[in-house]
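One structure below.
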Amino acid sequence: MVSERTACDRLVGRLVSCGEPEGVCSRLGMGMFLLRRVYEEHLSEEATRQLPVDGIKDGLVAHGQAGQFYRHLYFHIGCRFLGWPGMLVSWLMHQVDVRQAAAGRLESVVEVKDNVAAFACAEVLLDRSRRRISRREATERLREILAHSAASHVSGSNNLQALNNVPDARRKAEDSA
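Number 162 in numbering that gives the first Met the number 0 belongs to position 163 of the sequence shown; there are no gaps in the numbering.
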């Protein structure tokens, strides 16, 4: 039986390809490419509503944020590829989402999860571009971060643990209030 590739499988394949450039200049170019994707037509607000999200963890695409997931992912990965200036921009944008989530905006809770997933994905891709991990290991780690069936893999990543604990932390805060 041959299974069909999900949107998550295709996304993981594209992301692994993004981690292929070696060297600082190549990473800067890939960072700019990803940021341009966020702001060009095919990832505009209207276009992102039509993007497929089958196979991606429900927590990353809930509350009508399905297409926005791609924007957050490409934005934060692109910023991380730009080095410390990009990381600063990424962190500042993440803080906006954190504040909105703290104010009770459900979409922002999902956006925070998207951001944390993007941070974890960026680390995997940077490791791949520095040849610290193989293409296969990068694929497995990205699937673990993004895909529904990632429960069979074990990770020590703090970003992945934070991604899984975002709703728990919020529930604990609400319960104690």
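Quick reminder that beta carbons are idealized off the backbone N, C-alpha and C, glycines included.
| Asked | Found |
| --- | --- |
| CB contact flag (Ala117, His62, <8 angstroms) | no |
| Glu143 burial status per 10 Å Cβ neighbour count (16 or more: buried) | buried |
| In DSSP terms, what Ile55 is bridged to | Ala146 |
| Helix, strand or coil at Thr5 [DSSP, three-state] | coil |
| Assigned secondary structure, Ser89 (DSSP; H/G/I helix, E/B strand, else coil) | helix |
| His147 classed as buried or exposed, judged by whether at least 16 other C-beta atoms fall within 10 angstroms | exposed |
| Supposed contact pair Arg70 and Val37 - C-beta distance, whole angstroms, cut 8 angstroms | 5 angstroms |
| Where the alpha helix (DSSP H) through Arg79 begins and ends | 67-80 |
| Beta-carbon gap between Leu34 and Gly77 smaller than 8 angstroms | yes |
| Contact set for Gln64: own chain, Cβ-Cβ below 6 angstroms, skip 5 residues either direction | Glu106, Val109 |
| Counted within 10 angstroms of its Cβ, other Cβ atoms place Arg140 as buried (16 or more) or exposed | buried |
| Rounded C-alpha distance that separates Tyr73 from Ser128 | 16 angstroms |
| Residue nearest to Leu52 in terms of C-alpha spacing, selected from Ala119, Thr5, Gly12 | In the sequence under discussion, the amino acid at residue 52 is Val, which differs from the Leu named in the question. If we check each option's Cα against that of Val52, Thr5 comes out closest. |
| 8 angstroms Cβ cutoff, Val15 in contact with chain B | As a matter of chain content, chain B is missing from the structure shown, which is built from one protein chain. |
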